[in-house]
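Reviewing the structure listed below.
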Amino acid sequence: MKQTLLSTLARHPVAANLLMAMMMISGLWGVSQLNTQFFPSFDIDFVSVRVSWPGASAEDIETLVTEPLERELKGVDRVKELSSVSVDGRSVVMLEFRENTDMGPALDQVKERVDLVRNLPEGADTPEISRIVNYEMVASLLVTGPNDPRGLRSLVHRFERELLDRGISNIRIFGLPEEEIAIQVPPGRLRELGLSLEDIGRRIGAASRDFPVGIIGRGESARQLRFKDQRRRELAFTDLPIVVAQDGRLLTLGDIATINRRPKSAQTEVSFRGNPAVEMRLSRNRETDSLESAQILRDWAKETRPTLPPGIGLHLYDERWEYIQDRIQLLLKNGIGGLILVILILYFFLNAPAAGWVTVGIPTSFLAALGVLYLYGGSINMISLFGLIMTLGIIVDDAIVVGEDAVTHFEQGDSALSSVEQGARRMLAPVLSSSLTTIAAFMPLLLIGGIIGSILRTIPIVVICVIIASLIESFLVLPGHLRATFTRMGRYHPTGLRKALDEGFARFRERRFRPMVKASVRHRWVTVALSVAILMGSIGWVAGGRIAFNFFPLAEGPVLFANVDFVSGTPERDVTDYLAQIEQAVWDTDAHFGGGLLKIAISRKGLGESGDWERRRSDNIGSVLVELTKPDERTVRNREFIKEWRSRIPSVPGLENLSIKEPTAGPPGQDLEIRIAGNTLDSVKAAAIDLKNILTEISGVSGVEDNMPYGREQLILQLTPTGEALGLSVENLGRQLRAGYEGHLVQVMADDGDEVEVRVVLPDSERNRINSLEEFEVMLPGGGAVP
Numbered sequence: 002m003k004q005t006l007l008s009t010l011a012r013h014p015v016a017a018n019l020l021m022a023m024m025m026i027s028g029l030w031g032v033s034q035l036n037t038q039f040f041p042s043f044d045i046d047f048v049s050v051r052v053s054w055p056g057a058s059a060e061d062i063e064t065l066v067t068e069p070l071e072r073e074l075k076g077v078d079r080v081k082e083l084s085s086v087s088v089d090g091r092s093v094v095m096l097e098f099r100e101n102t103d104m105g106p107a108l109d110q111v112k113e114r115v116d117l118v119r120n121l122p123e124g125a126d127t128p129e130i131s132r133i134v135n136y137e138m139v140a141s142l143l144v145t146g147p148n149d150p151r152g153l154r155s156l157v158h159r160f161e162r163e164l165l166d167r168g169i170s171n172i173r174i175f176g177l178p179e180e181e182i183a184i185q186v187p188p189g190r191l192r193e194l195g196l197s198l199e200d201i202g203r204r205i206g207a208a209s210r211d212f213p214v215g216i217i218g219r220g221e222s223a224r225q226l227r228f229k230d231q232r233r234r235e236l237a238f239t240d241l242p243i244v245v246a247q248d249g250r251l252l253t254l255g256d257i258a259t260i261n262r263r264p265k266s267a268q269t270e271v272s273f274r275g276n277p278a279v280e281m282r283l284s285r286n287r288e289t290d291s292l293e294s295a296q297i298l299r300d301w302a303k304e305t306r307p308t309l310p311p312g313i314g315l316h317l318y319d320e321r322w323e324y325i326q327d328r329i330q331l332l333l334k335n336g337i338g339g340l341i342l343v344i345l346i347l348y349f350f351l352n353a354p355a356a357g358w359v360t361v362g363i364p365t366s367f368l369a370a371l372g373v374l375y376l377y378g379g380s381i382n383m384i385s386l387f388g389l390i391m392t393l394g395i396i397v398d399d400a401i402v403v404g405e406d407a408v409t410h411f412e413q414g415d416s417a418l419s420s421v422e423q424g425a426r427r428m429l430a431p432v433l434s435s436s437l438t439t440i441a442a443f444m445p446l447l448l449i450g451g452i453i454g455s456i457l458r459t460i461p462i463v464v465i466c467v468i469i470a471s472l473i474e475s476f477l478v479l480p481g482h483l484r485a486t487f488t489r490m491g492r493y494h495p496t497g498l499r500k501a502l503d504e505g506f507a508r509f510r511e512r513r514f515r516p517m518v519k520a521s522v523r524h525r526w527v528t529v530a531l532s533v534a535i536l537m538g539s540i541g542w543v544a545g546g547r548i549a550f551n552f553f554p555l556a557e558g559p560v561l562f563a564n565v566d567f568v569s570g571t572p573e574r575d576v577t578d579y580l581a582q583i584e585q586a587v588w589d590t591d592a593h594f595g596g597g598l599l600k601i602a603i604s605r606k607g608l609g610e611s612g613d614w615e616r617r618r619s620d621n622i623g624s625v626l627v628e629l630t631k632p633d634e635r636t637v638r639n640r641e642f643i644k645e646w647r648s649r650i651p652s653v654p655g656l657e658n659l660s661i662k663e664p665t666a667g668p669p670g671q672d673l674e675i676r677i678a679g680n681t682l683d684s685v686k687a688a689a690i691d692l693k694n695i696l697t698e699i700s701g702v703s704g705v706e707d708n709m710p711y712g713r714e715q716l717i718l719q720l721t722p723t724g725e726a727l728g729l730s731v732e733n734l735g736r737q738l739r740a741g742y743e744g745h746l747v748q749v750m751a752d753d754g755d756e757v758e759v760r761v762v763l764p765d766s767e768r769n770r771i772n773s774l775e776e777f778e779v780m781l782p783g784g785g786a787v788p
């Protein structure tokens with residue numbers, strides 16, 4: 002049946018052309034539909050549960066928030082691993098699910114389990130439960146200005162709306178501080194009025210709010226009734242009535258408190274060359290195209306720059322889409338180069354028409370493979386492009402052996418039809434067996450599970466698609482084209498050049514190649530021994546480290562970043578100053594190498610690069626992101642630059658971690674993670690320090706980080722018998738102290754896309770002075786106050 006099919010297509014005058022046209026059209030259609038992206042799309046089967054409790058210590062977070070959540074979440078089905086992190090003011094519980102878990106029901110089950118936790122402390126925020134979504138980064142946009150970053154707020158929100166409207170999938174903003182309206186009431190005024198901060202907060206909340214009442218009237222006379230008294234500006238709060246003074250005068254909030262709108266404490270600060278900046282990180286989802294998103298961004302930036310106010314700048318950096326574009330250009334470059342080499346080499350062994358049809362088969366097979374790849378649900382990415390580049394030789398080999406055998410028969414005097422039929426039939430078994438062997442070699446990659454399996458699975462799929470397309474082109478399309486060509490040629494009449502090439506090749510075959518093959522066969526054990534020796538030498542080079550091993554190699558890129566971790570409690574000014582030193586060090590490093598290498602350097606206080614799907618946040622960490630010129634435009638390698646940069650960074654007291662890295666490829670996570678468990682936090686921390694010191698001494702190991710920072714010093718409070726006799730309880734006293742030093746949350750209002758908290762709190766001068774705790778006046782349940 003195979004021979005009948007081969008013969009039928011070889012004899013038919015238009016079948017080969019129709020089949021080739023179908024392959025090319027399907028490929029062109031597939032190319033127009035395929036997404037271009039950095040990595041293949043893959044799911045992250047994680048669900049996060051986050052709970053914020055402002056002002057709480059990490060120990061209280063662990064005991065009162067994290068542990069109750071863990072107890073309930075341990076019963077969730079198909080959980081592969083449950084982990085948690087407790088830091089000051091925040092708990093994060095991560096659930097990793099087994100492969101092929103239906104994440105919709107899994108997310109619902111997590112929400113149900115969290116709802117069963119009834120004993121979360123008062124003051125803790127409602128748990129935020131979400132599935133981790135893999136957004137692939139396209140580029141970053143930096144908005145700079147000479148003023149306070151709050152002055153950039155309206156511009157950044159405008160830019161965000163415009164980019165989202167144009168088709169950007171996801172935008173994350175860093176460096177734009179969350180704001181609050183702080184109503185600061187001095188202790189003396191509280192004493193005079195006999196009120197607590199909570200009392201004042203309740204009166205503000207009752208007066209400043211929008212309240213729908215209902216509908217009055219019927220038909221056309223119907224009217225909506227509502228109160229619209231929500232204050233949205235700090236000055237609007239000043240006229241709120243609070244209490245009647247002893248002299249009968251009505252005291253407003255402005256009479257007893259200082260009201261100002263300001264950034265919340267412990268905010269991320271981004272700076273560029275000493276000026277405030279806001280970082281916008283643009284990403285795509287799995288349905289959108291990286292190159293299309295990049296074009297949207299570039300067109301928008303080109304239109305927006307001329308309209309910017311004076312002093313405002315836009316800077317594009319870390320443009321990940323360029324990696325994909327460079328790889329596509331490499332594929333096209335290699336493909337065109339391969340076509341030229343194929344034509345030149347084939348001309349030495351085949352006649353010109355046969356060489357031409359073999360060459361045409363390369364793009365035809367590629368296009369057909371891309372059409373099948375689209376039907377499978379694939380995409381054009383770094384991995385699939387690697388697979389296409391790797392299979393370029395496979396396509397050529399299949400067509401060459403079929404074409405060469407057909408040409409040989411034709412040169413020996415057979416008819417055109419007989420030549421192509423015999424060539425296709427004789428080569429079908431060996432080519433098919435070699436193709437199946439190649440497929441079998443790549444098949445194990447389909448069995449790898451997890452995120453790595455989702456990424457690597459693209460390679461065997463691309464290889465299989467290309468091999469199938471190559472077989473179709475070599476055995477069903479090429480014979481028809483060769484038959485038509487041979488028929489037009491009539492009998493074989495070699496030219497003078499063709500005769501010279503054939504005679505030269507025959508001499509090499511008979512005088513050099515054939516004797517060498519005979520000697521190899523005659524001394525077969527020597528041949529086998531030499532082959533084994535070469536194999537063992539290759540294994541030894543890899544095992545001995547002479548050939549480096551990198552599971553997910555990434556070509557040297559232009560982006561570097563430095564992470565710094567200080568001990569908990571380090572003043573924010575110290576972190577900011579140290580980041581400025583690191584930034585100055587990188588500019589000095591650029592000058593050391595002659596200048597012109599450094600394109601941009603950005604400092605970020607409170608934000609770190611974790612190498613994971615999200616960035617770390619804390620008031621005692623920071624990072625400096627650096628973008629250099631492209632590697633092919635400079636002679637200084639990243640390792641040299643990092644070494645010189647590190648040597649110029651001083652060590653300061655309180656610094657716990659300093660690492661300088663390049664972005665890594667592949668799934669999220671570090672290259673190597675070591676987890677330490679123990680009975681006490683002190684023993685775990687001590688073991689981590691010892692292990693860190695050992696690892697840093699190992700050659701080739703860099704960027705060793707410890708994710709368990711030293712905790713902040715604590716003042717332990719205890720209610721005295723006198724306090725209990727006065728009717729106070731730990732809860733009552735704790736609420737008053739929390740209101741004074743953390744603030745009593747009155748309401749959260751929406752303002753131009755931002756959520757703004759309204760808090761009643763003691764003045765900053767009191768909150769920043771430890772001795773004020775001894776002077777704090779506690780309101781008694783029966784009236785009156787005591788220190």
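Numbering-wise, my numbering comes out as the position in the sequence shown, counting from 1, plus 1.
Every residue gets a Cβ at the ideal spot worked out from N, C-alpha and C, and that includes glycine.
What you are looking at is a predicted structure, and each value in this text was computed from that prediction instead of being measured.
(1) Whole angstroms is fine: what's the gap from G312's alpha carbon to T145's?
(2) Between the beta-carbon of T239 and the beta-carbon of L226, is there less than 7 Å?
(3) Do F487 and V464 come within 7 Å of each other at the CB atom, strictly closer than that value?
(4) Contact between the stretch 177-188 and the stretch 259-275: three or more CB pairs below 8 Å?
(5) Between the Cα of R649 and the Cα atoms of D591, Q296 and A687, which residue gives the shortest distance?
(6) Could you give the DSSP three-state label for K631: helix, strand or coil?
(7) Among the candidates I381, R484, A370 and M383, whose CA atom is the shortest distance from the CA of S416?
(8) Just reading off the beta strand (DSSP E) that L143 is part of, what are its end residues?
(9) Whole angstroms is fine: what's the gap from M2's alpha carbon to A530's?
(10) Return the chain-ordered list of same chain residues with a C-beta closer than 8 Å to the C-beta of I329, the five sequence neighbours on each side being excluded.
(11) Since A369 and G28 are thought to touch, with beta carbons under 8 Å apart, how far apart are those beta carbons, to the nearest angstrom?
(12) Which full runs of the alpha helix (DSSP H) of 4+ residues lie inside the stretch 170-209, going along the chain?
(13) So if DSSP puts I677 in a beta bridge, which residue, or which two residues, is it bridged to?
(14) Can you look up N352 in the DSSP assignment and give me helix, strand or coil?
(15) For T577, collect the residues of the same chain with a Cβ closer than 6 Å to its Cβ; drop the 5 residues on either side in sequence, then sort them by chain order.
(16) Taking the beta carbon of T392 as the centre, do at least 16 other beta carbons fall within 10 Å, making it buried, or is it exposed?
(17) Less than 7 Å between the C-beta atoms of S291 and V134, yes or no?
(18) What residues match up with M281 in a beta bridge as DSSP calls it?
(19) Just the C-alpha distance for P764 and L734, rounded to the nearest angstrom, thanks.
(20) Please classify M383 as buried or exposed, where buried requires at least 16 other C-beta atoms within 10 Å of its C-beta.
(21) Give, in chain order, every unbroken run of the beta strand (DSSP E) that is at least 3 residues long and sits entirely within the stretch 547-599.
(22) Compare the Cα-Cα distances from D211 to each of F642, L196, V421 and Q231 and report the closest residue.
(23) Could you name the residues of the same chain whose beta carbon sits closer than 6 Å to that of E422, not counting the 5 residues immediately before and after it, in chain order?
(24) In the structure shown, what three-state DSSP assignment does P788 receive?
(25) Is the beta carbon of L198 less than 7 Å from the beta carbon of A740?
(26) For R282 versus R167, is the C-beta spacing smaller than 7 Å?
(27) What are the boundary residues of the alpha helix (DSSP H) that K112 is part of?
(28) Helix, strand or coil: which one does DSSP assign to I260?
(29) Within its chain, find whatever has a CB closer than 6 Å to the CB of P632; leave out the 5 residues flanking it on each side and keep chain order.
(30) Rounded to whole angstroms, what's the CA-CA distance from R618 to A581? Just pull it up for me.
(31) Starting from the Cα of L598, find the closest Cα among V560, L608, N621 and R224 and give me that residue.
(32) Work out the CA separation of P461 and Y579 for me, nearest whole Å.
(33) DSSP state of I661, grouped into three classes?
(34) Please work out which residues of its chain come closer than 6 Å, Cβ to Cβ, to K112, disregarding the five sequence neighbours upstream and downstream, and give them in chain order.
(35) Please state if the CB of E73 and the CB of R119 are separated by a distance shorter than 7 Å.
On the basis of the supplied data:
(1) Rounded to the nearest whole angstrom, the C-alpha separation of G312 and T145 is 8 Å.
(2) Between T239 and L226, the gap from beta carbon to beta carbon reaches 7 Å or more.
(3) Contact: no.
(4) The stretch 177-188 is in contact with the stretch 259-275.
(5) Measuring from the Cα of R649, the nearest candidate turns out to be D591.
(6) Reduced to three states, the DSSP call for K631 is coil.
(7) If you compare the alpha carbons of I381, R484, A370 and M383 with that of S416, the shortest gap goes to R484.
(8) Counting along the chain, the beta strand (DSSP E) containing L143 begins and ends at E137 to T145.
(9) For M2, the predicted model reports a pLDDT of 38, less than 50, meaning its position is unreliable and no value from the coordinates is stated.
(10) So the list reads T37, I381 and L386, once near-sequence residues are dropped.
(11) 5 Å between Cβ atoms; contact.
(12) Complete alpha helix (DSSP H) runs here, min 4: 188-194 and 198-208.
(13) Under DSSP, no beta-bridge partner is assigned to I677.
(14) In this structure, N352 counts as coil in the three-state DSSP scheme.
(15) Once the five neighbours on either side are set aside, the close Cβ partners of T577 are K606.
(16) Buried: at least 16 other Cβ atoms inside 10 Å.
(17) Not closer than 7 Å, so no.
(18) For M281, the pairing in a beta bridge is given by DSSP as L142 and I174.
(19) So the alpha carbons of these two residues sit roughly 19 Å apart.
(20) M383 is buried by the Cβ-count criterion.
(21) Listed in chain order, the beta strand (DSSP E) elements of length 3 or more contained wholly in the stretch 547-599 are 560-567.
(22) Measuring from the Cα of D211, the nearest candidate turns out to be Q231.
(23) Here the set comprises S8 and A11.
(24) Of the three classes helix, strand and coil, the one that applies to P788 here is coil, per DSSP.
(25) It is a contact, given that the beta carbons lie within the stated cut-off.
(26) Their beta carbons are not under 7 Å apart, which means R282 does not touch R167 by this criterion.
(27) Taken as a continuous stretch (DSSP letters only), the alpha helix (DSSP H) holding K112 covers M104 to D116.
(28) Strand, per DSSP.
(29) Cβ neighbours of P632 beyond the five flanking positions: E557.
(30) For R618 and A581, the distance between alpha carbons rounds to 19 Å.
(31) Of the listed residues, the one whose Cα sits closest to L598 is V560.
(32) The alpha-carbon atoms of Y579 and P461 are separated by roughly 48 Å.
(33) Annotated three-state conformation of I661 is strand, per DSSP.
(34) Hits under 6 Å: I130.
(35) Not in contact: R119 and E73 (Cβ atoms no closer than 7 Å).
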